[in-house]
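Residue numbers (our numbering): 613 to 858. Ideal placement from N, C-alpha and C gives every residue a C-beta, glycine not left out.
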Amino acid sequence: MRLFHRTEKRAGEVDFGNLPRHIAIIMDGNGRWAKKRGLPRTAGHAAGAETFRTVATYCKDIGLEYLTVYAFSTENWKRPADEVSAIMGLLERYLYEAVDRMERDKVKLRFFGDTSVLSPKLRALISRTSEISAHYAGCQVNVCLNYGARDEILRAARESAEALAAGEIPALTEAEFAQRLWSGGIPDPDLVIRPGGEMRLSNFLLWQAAYSELYFTDTLWPDFSKLEIDRAIAWLQRRERRYGGA
Ligand code: IPE
Ligand code: IPE
Ligand code: MG
């Protein structure tokens, strides 16, 4: 039997006194999860929405400050129309239920991405949930919806150029630029988790993840659990972050 030194951590053993401030997740693998079970891809998205609820509540319970999830990318519009509308329908249902549960769950929701192109019903739910969220101080969950990091960077570049031309800022610094991203004011993610087995960022937080630790796992998103979050955090806690230093 292997004996562990007191300070050595086993996989899955989290130091809850030293949590990261911000975790980001690429919620991937819904389609493959459904395919494995002979179900339509939309069944995978429905299961994935439940996983999101579990994970967001868990992150709030352990005291995480920020959770950012990738729900729908600027490239996901390329999918068949029936899959896109099923995803939008699930989002509507999720937000509709969230309005009722927020008082109890105290999970704050914010949205990153251009939501102006979404259906009026979805937009109304987004403003309602954002409005309720403004009163809470708990875990902030940022839902990336019609989000693409290149689109985000381009928008911030345009806004920055305008602010500079108008003399609103004396110089364009990294801090001024970052302020104009959807994530303006939020610390960069310490950890980016991608379930589903792919090792790529797929246009997610390209600016913010400059020094994030990247955690990839084959587990498909609908199978993700609190234990998987613990494993990822415990892994992060064993990393030595150097930020380019010696
Ligand atoms: C992620 O799961 C959900 C969205 C991109 C909306 P996928 O639908 O990409 O699932 P896979 O990757 O095909 O298994
Ligand atoms: C990334 O997953 C987007 C979301 C999880 C919302 P994709 O399934 O769209 O990414 P690719 O196509 O595998 O790169
Ligand atoms: Mg995918």
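**Study point:** Distance, residue 770 Cα to residue 833 Cα
**Key:** 35 Å
Exercise for review: Could you tell me which of 706, 667 and 653 sits nearest to residue 694, measuring between CA atoms?
Suggested key: 653
Point to revise | Nearest-angstrom Cβ-Cβ length linking residue 730 and residue 708, presumed shorter than 8 Å | key: Going by Cβ atoms, the distance from residue 730 to residue 708 rounds to 14 Å, so no, they are not a contact pair.
Check your understanding: Could you give the residue range of the alpha helix (DSSP H) that holds residue 698?
Key -> 693-717
Check your understanding: Between the C-alpha atoms of residue 684 and residue 849, what's the straight-line distance to the nearest angstrom?
Key -> 29 Å
Practice item. Return the chain-ordered list of same chain residues with a C-beta closer than 6 Å to the C-beta of residue 781, the five sequence neighbours on each side being excluded. Key: 775 and 788
Check your understanding: Going by Cα to Cα distance, which pick from 820, 811 and 757 is closest to residue 797?
Key -> 820
Exercise for review: Please go through the same chain and pick out, in chain order, the residues whose beta-carbon is closer than 6 Å to the beta-carbon of residue 641, but skip the five residues on each side of it.
Suggested key: 807, 808, 832 and 833
Review point. Does ligand 3 have even one heavy atom less than 6 Å from the beta-carbon of residue 640?
Key: yes
Practice item. Look at residue 702 and residue 634 and say whether their C-beta atoms are less than 7 Å apart. Key: no
Review point. Assuming residue 744 and residue 714 make a contact with CB atoms under 8 Å, what is their CB distance in whole Å?
Key: 5 Å
Check your understanding: Where DSSP assigns a beta bridge to residue 825, which residues make up the other side?
Key -> 803
Check your understanding: Taking buried to mean at least 16 other C-beta atoms within 10 Å of its own C-beta, is residue 772 buried or exposed?
Key -> buried
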